[in-house]
Every structure is written in C-alpha cells, then in structure tokens.
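Numbering (the working numbering), first residue to last: 1 to 360. No residue lacks a Cβ here, since even glycine has one placed at the ideal position from N, Cα and C. The structure appears right after this line, and notes come after that.
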C-alpha cells in the first residue's frame with residue numbers, strides 16, 4: 001500500500017499545540033463523564049457538555065453541538081470532544097498532542113469502530129507501520145474527535161444551524177468536513193477504547209463497538225504518514241456476514257461485489273480457496289471449536305477478506321496491487337472489470353479488455 005506524508009506536520013513556524021476538552025454526556029451518565037474529567041483534569045481543562053434536552057428524542061446531536069461550541073472560549077490551539085463512554089488510558093493527553101502536532105489541520109479521530117470501512121484501512125496501516133488513515137466511512141467517527149479550536153467552534157455553529165432534524169452527529173460532521181475541505185483522519189493505533197455502557201441513542205443492538213486497534217499501552221509516535229486509499233477495498237460486512245469488495249471511489253451498494261467473485265476474476269479458483277480454508281481451520285489449535293461461535297460460511301467470509309487483503313497489498317508477489325487505481329487487466333465478458341465493479345471496463349465499454357496496463 002502507498003502512503004503520503006502530511007506536509008503541514010511540524011512546520012518550523014508551527015505553534016506548540018495545546019488542548020482543551022469537552023465531554024459529551026447525559027444527566028443519566030454524569031458519573032461516567034465526571035470520571036473522565038477527573039482522569040484528565042490535572043493536565044487539561046475539561047468541560048462537560050450535558051444534553052440540554054435530556055427528555056427529548058434520543059440523539060447525540062444536542063450535546064455534540066454544545067461540546068464543539070465550547071471551543072470558542074478555550075484558549076487552546078485544538079479542541080477535543082470525547083463521548084462519556086470512552087476508556088482513557090494513561091498518557092492519553094501526551095499522545096493526543098503528538099497527534100495534532102503531526103496533523104495540525106485535520107479532523108483527527110482517536111477511535112474507529114472495528115467493524116467499519118475505515119477499520120479495514122486501519123488494519124492495513126497497523127500491518128505496514130503507517131500512522132493514520134483517511135476516513136472512508138459514511139460518517140466521521142466522533143467518539144474522540146479533535147479539531148483546531150477555531151474549526152471546532154465553527155462546527156458547533158454548523159450543528160446548530162445546518163444539521164437536519166434527526167440527523168446523527170457523526171453524519172453531520174462528515175458534511176461539515178466536506179463543506180470546509182477539512183481532511184478527516186484516524187490515528188493508528190487508536191488512543192481510546194469504547195466501553196460497554198448501554199447506548200443512549202439506540203446503538204446497543206449493534207453489539208460490541210470496540211476499537212480496531214487499541215494496544216495495552218496506546219501511544220502515538222511522531223509519524224505524519226497517511227495510508228493512501230485503495231480503489232478497491234475488501235470488507236467484511238458485520239451486519240450480513242458477507243465478504244465484499246468495495247469501490248471506494250463510488251461506494252454505493254450497486255458497485256459492491258462478492259469478494260469470491262472478484263478473487264475469481266483475478267484468477268483464484270474457488271475450490272482451491274475452500275480447500276485452503278478447510279486446511280487452515282483443521283490445523284488451528286482451536287480446531288472445530290471455532291464453528292461453535294459462527295457458521296462455516298461466515299468464518300470462510302472472514303478468512304476470504306484476509307486473502308483479498310493479501311492480494312491487494314501485493315501478497316501475490318506482483319509489484320503493483322490489483323486494488324490500486326490502475327486495476328488489473330481482465331476480460332469482462334465473463335467477469336466484470338474489477339477496477340470498475342460495474343461490468344464493462346469504465347474506460348472503454350466497447351473493448352473486451354480493460355485499457356489499463358497489467359502489473360509486471
């Protein structure tokens with residue numbers, strides 16, 4: 001996978017970053033918010049953003065609006081908003097400050113949920129030693145989100161005047177960063193964990209919503225590298241158990257294809273894949289016990305995503321990834337071109353092959 005470096009990181013003229021913090025909370029969860037304030041209090045100023053309409057419709061938007069607006073009077077260079085169900089580790093403030101030092105103009109999330117699209121990129125980054133990934137979710141993770149203070153205050157106003165009725169706060173934040181041209185990134189590793197408190201906004205049915213990468217002693221190094229988003233991205237859909245390949249340039253259901261079909265289009269035999277999967281499970285220490293937790297087909301889908309990630313990251317031995325923007329030359333009469341995911345090659349619908357050059 002390719003990476004870029006944030007050119008704004010540690011500019012000679014950069015002001016030493018400082019941090020103010022707001023904790024979004026609800027009257028029913030004040031104890032949790034107070035615990036976070038006590039934990040961070042000696043190092044930074046922490047304000048509580050208590051839902052002003054606690055008996056209103058379930059929504060995080062009201063406290064989010066207040067939390068980001070509190071940046072206007074913080075006096076710090078950056079403002080961090082935490083939700084009250086985060087677990088804050090030792091050394092968090094120092095790590096958070098290192099993050100904003102290398103990405104000073106970004107909307108920087110210190111958490112992404114392990115089943116999301118962005119989590120796929122985070123795993124790639126962890127495997128390759130990259131320090132951050134772009135947000136590719138249809139929302140910006142807001143469990144622990146830091147912005148330049150002026151921009152955070154502007155976001156508070158946006159949530160006040162521009163958010164739709166019933167809109168989720170993280171989706172409204174995505175509209176804001178797009179409107180302002182702000183780059184949304186997630187640190188790898190994540191710097192906070194999501195606890196198991198019951199969801200106030202109705203997400204309890206989603207199951208555990210844990211961090212994709214939260215080590216025993218999380219810290220953020222001085223690393224301005226950012227993973228480039230691949231054109232094609234393998235993705236395990238946690239809500240359906242399907243192994244998919246997503247077109248990140250046009251991420252709508254119509255462009256998603258089963259990973260098995262895409263691997264077949266790249267020349268991988270399904271029977272061989274299933275045989276390899278069976279062999280891998282059969283030699284694992286857990287053995288057949290894994291099938292007590294999930295069906296064989298679901299576990300095969302998880303395994304298939306690992307295979308697809310290997311192919312996309314160059315595990316086939318080729319020097320260029322089949323998931324790059326250039327794609328891989330392949331006939332479309334039997335299999336749609338995998339770099340467009342839409343049937344005939346997008347660059348030339350009348351040709352029997354893609355016009356792109358295959359990897360050497």
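Top-ranked residue by Cα proximity to residue i, from the options
i: residue 189; options: 55, 175, 99 and 273; result: 99
i: residue 124; options: 258, 231 and 227; result: 227
i: residue 170; options: 274, 194 and 60; result: 60
i: residue 366; options: 76, 262, 278 and 71; result: The question about residue 366 has no answer, for the chain in this structure spans 1 to 360.
i: residue 15; options: 215, 164 and 101; result: 101
i: residue 279; options: 296, 263, 264 and 53; result: 296
i: residue 237; options: 45, 164, 6 and 298; result: 298
i: residue 277; options: 289, 302, 263 and 264; result: 302
i: residue 196; options: 293, 113 and 45; result: 113
i: residue 214; options: 34, 21 and 126; result: 126
i: residue 262; options: 308, 281, 273 and 274; result: 308
i: residue 194; options: 5, 208 and 22; result: 208
i: residue 154; options: 179, 166 and 265; result: 179
i: residue 313; options: 128, 22 and 274; result: 128
i: residue 266; options: 282, 275, 281 and 245; result: 245
i: residue 311; options: 232, 163 and 28; result: 232
Residue i - partner residues in DSSP beta bridges
i: residue 399; result: Because the chain in this structure spans residues 1 to 360, residue 399 falls outside the shown range and cannot be described.
i: residue 146; result: 80 and 108
i: residue 36; result: DSSP lists no partner for residue 36.
i: residue 92; result: BP columns for residue 92 are empty, so no partner.
i: residue 48; result: 23
i: residue 134; result: 185
i: residue 86; result: 194
i: residue 215; result: Its beta-bridge partners do not exist; DSSP assigns none.
i: residue 235; result: 244
i: residue 113; result: 211
i: residue 257; result: 245
Cβ pair residue i, residue j closer than 7 Å
i: residue 156; j: residue 68; result: yes
i: residue 86; j: residue 49; result: no
i: residue 249; j: residue 259; result: no
i: residue 63; j: residue 30; result: no
i: residue 152; j: residue 103; result: no
i: residue 131; j: residue 225; result: yes
i: residue 111; j: residue 138; result: no
i: residue 234; j: residue 305; result: yes
i: residue 32; j: residue 84; result: yes
i: residue 26; j: residue 55; result: no
i: residue 160; j: residue 65; result: yes
Distance between beta carbons of residue j and residue i, contact taken as under 8 Å
i: residue 380; j: residue 122; result: The question about residue 380 has no answer here: the residues shown for the chain are numbered 1 through 360.
i: residue 17; j: residue 147; result: Between residue 147 and residue 17 the Cβ distance is about 12 Å, and since that is not below 8 Å, they are no contact.
i: residue 108; j: residue 185; result: 5 Å
i: residue 191; j: residue 95; result: 5 Å
i: residue 150; j: residue 74; result: Going by Cβ atoms, the distance from residue 150 to residue 74 rounds to 10 Å, so no, they are not a contact pair.
i: residue 183; j: residue 106; result: 5 Å
i: residue 21; j: residue 45; result: 7 Å
Cβ-heavy atom distance, residue i to the ligand NAD, below 6 Å
i: residue 70; result: For the ligand NAD, the structure offers nothing, since it holds no ligand at all.
Using 8 Å as the threshold, is the segment 169 to 185 in touch with the segment 77 to 92, meaning 3 or more CB pairs across them?
no
Check whether the segment 211 to 225 touches the segment 245 to 254, taking contact to mean three or more Cβ pairs, one atom from each stretch, closer than 8 Å.
no
Three or more C-beta pairs below 8 Å linking the segment 25 to 39 and the segment 104 to 124:
no
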